[in-house]
Amino acid sequence: MKALTVIPLKAGSAELSDVDDPPESDGPVLVETLAVGICGTDIEILSGSYGWPPPGRERLVLGHESLGRVLDAPAGGVVGKGDLVVGIVRRPDPVPCANCAVLEWDFCRNGQYTERGIKERDGYLSERYRISPDFVVKIDPALGILGVLLEPTSVVAKAWEEVDRVGGRAHWDPRTVLITGAGPIGLLAALIGVQRGLDVHVIDQMRAGVKPDLVRDLGATYHSGSIADAVPGPDVILECTGVASLVFDAMSHVGTGGVVCLTGVSSSGHVIDIDEGALNRSMVLENVAVVGSVNANRRHYEAAAEALAKADPKWLARVVSRRVPLARWAEALTRSPDDVKVIIEVNQV
Numbered sequence: 064m065k066a067l068t069v070i071p072l073k074a075g076s077a078e079l080s081d082v083d084d085p086p087e088s089d090g091p092v093l094v095e096t097l098a099v100g101i102c103g104t105d106i107e108i109l110s111g112s113y114g115w116p117p118p119g120r121e122r123l124v125l126g127h128e129s130l131g132r133v134l135d136a137p138a139g140g141v142v143g144k145g146d147l148v149v150g151i152v153r154r155p156d157p158v159p160c161a162n163c164a165v166l167e168w169d170f171c172r173n174g175q176y177t178e179r180g181i182k183e184r185d186g187y188l189s190e191r192y193r194i195s196p197d198f199v200v201k202i203d204p205a206l207g208i209l210g211v212l213l214e215p216t217s218v219v220a221k222a223w224e225e226v227d228r229v230g231g232r233a234h235w236d237p238r239t240v241l242i243t244g245a246g247p248i249g250l251l252a253a254l255i256g257v258q259r260g261l262d263v264h265v266i267d268q269m270r271a272g273v274k275p276d277l278v279r280d281l282g283a284t285y286h287s288g289s290i291a292d293a294v295p296g297p298d299v300i301l302e303c304t305g306v307a308s309l310v311f312d313a314m315s316h317v318g319t320g321g322v323v324c325l326t327g328v329s330s331s332g333h334v335i336d337i338d339e340g341a342l343n344r345s346m347v348l349e350n351v352a353v354v355g356s357v358n359a360n361r362r363h364y365e366a367a368a369e370a371l372a373k374a375d376p377k378w379l380a381r382v383v384s385r386r387v388p389l390a391r392w393a394e395a396l397t398r399s400p401d402d403v404k405v406i407i408e409v410n411q412v
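If you're matching positions, the sequence shown starts at 64 in this note's numbering and goes up one per residue.
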């Protein structure tokens with residue numbers, strides 16, 4: 064079968080390879096891959112700056128944002144033939160650590176977890192894959208190709224859960240949320256915020272085009288200026304860009320008793336000037352909390368599936384801005400200003 068593979072830490076090594084059929088040791092559920100989303104992590108792996116191959120192998124099958132159709136599965140299981148499914152990305156470490164032992168592998172403490180398409184485990188960008196029923200999530204068939212948005216939605220479903228947990232340290236009745244970034248993560252975070260009945264504001268650099276329209280059509284407010292000018296003292300700030308200056312701006316401008324949740328990953332080597340003393344003073348005296356959130360466990364995938372099932376499918380269809388066939392996979396890596404989520408189509412839905 065065909066698969067998009069890469070030699071981790073070697074730029075320019077990606078190719079459409081002929082690989083063996085998935086081994087039965089990967090799990091009893093056989094899935095035909097329909098589509099895989101491309102995100103910043105994939106770009107980093109392809110550029111040679113990230114990623115680990117499976118033990119004893121040179122090449123890694125890419126892809127962690129999946130959508131597939133079950134070809135075969137054990138009778139009476141959680142999924143059956145014909146179901147649309149999404150594969151969970153992370154697997155618990157073999158020790159396991161205290162968190163992995165209770166299925167909270169997104170909080171793995173020793174770093175020995177594996178991740179499909181990222182760390183020591185082949186991804187989903189192949190014509191077929193096998194998987195254990197414990198790590199596959201059934202989705203509403205009405206979503207069709209839009210089910211490919213489940214994995215990024217799971218990331219923000221977890222982020223919202225983290226906000227609730229931290230905010231719940233005291234009386235917590237948030238009304239206003241500011242989201243930095245109108246990429247897929249920011250837009251999906253805004254979707255959940257609107258579904259929660261919050262006053263949602265999104266800030267990004269684009270002044271016109273697809274992203275501002277998507278925010279407004281969701282019922283949220285779009286801004287292209289600074290955090291300070293967007294909305295005064297929001298209860299929640301979800302930082303979805305990883306831009307270091309925005310991270311510190313978020314800490315400085317969240318409301319009293321507010322929560323800042325960081326989902327973007329900053330690159331190193333950027334130095335910015337901040338008034339550390341003023342930042343510390345405001346965070347302590349105003350009971351501000353900052354929490355980082357990454358990855359997701361099964362509970363978050365299931366919450367994400369509910370959020371997507373409730374969303375306007377016409378709006379979701381606009382988030383998937385471009386579809387590229389597997390044979391022309393390289394076209395998915397060239398981004399245009401109006402790209403939101405680019406996906407590679409592997410088989411017909």
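Beta carbons are placed, not taken as given, at the ideal position from N, Cα and C, and that holds for glycine.
Owing to the predicted nature of the structure, the values given are computational and were not obtained by experimental measurement.
- Less than 8 Å separates the beta-carbon of V142 from that of K201.
- Annotated as distal: P159 and G272, with beta-carbon spacing of 8 Å or more.
- When only Cα atoms are considered, S112 and G103 end up about 11 Å apart.
- Bridge partners of I202 according to DSSP: none are assigned.
- W392 sits in a helix when the DSSP states are folded into three classes.
- Between the C-alpha atoms of L206 and K377 there is a straight-line separation of about 10 Å.
- Linking A74 to K65 through their CA atoms gives a straight-line distance of about 21 Å.
- By the 16-neighbour rule on beta-carbons within 10 angstroms, G140 is exposed.
- Within the stretch 262–306, the complete alpha helix (DSSP H) segments at least 4 residues long are 273–281 and 290–293, listed from N- to C-terminus.
- Annotation: G288 to D267 spans about 8 Å, alpha carbon to alpha carbon.
- The C-alpha of E190 lies about 6 Å from the C-alpha of V409.
- Burial state of L371 is buried, judged by a 10 Å Cβ sphere holding 16 or more other Cβ atoms.
- For T177, same chain residues with a beta-carbon under 7 Å away, outside a window of 5 residues either side, are R154, E183 and R184 in chain order.
- Pairing D89 with A138, the inter-Cα distance amounts to about 18 Å.
- Counting the other Cβ atoms within 10 Å of the Cβ of A380 gives fewer than 16, which makes it exposed.
- Rounded to whole angstroms, the gap between the alpha carbons of E95 and D236 is 44 Å.
- Pairing I242 with V257 gives a Cβ-Cβ distance that is not under 8 Å.
- When G131, K274 and V405 are compared, the shortest CA-CA separation from V412 is found for G131.
- Separation of L309 and R179 (C-alpha to C-alpha, rounded to the nearest whole angstrom) is 30 Å.
- C303 has its alpha-carbon roughly 29 Å from the corresponding atom of R391.
- A Cβ-Cβ distance of about 15 Å is found for the pair P297 and Y285, leaving them out of contact under the 8 Å criterion.
- Assignment of L147 by DSSP, reduced to helix, strand and coil, places it in the strand class.
- When secondary structure is reduced to three states using DSSP, I406 falls in the strand class.
- The beta carbon of D156 is closer than 7 Å to those of C163, C171, N173, Q175 and Y176 in its chain, skipping five residues each way along the sequence.
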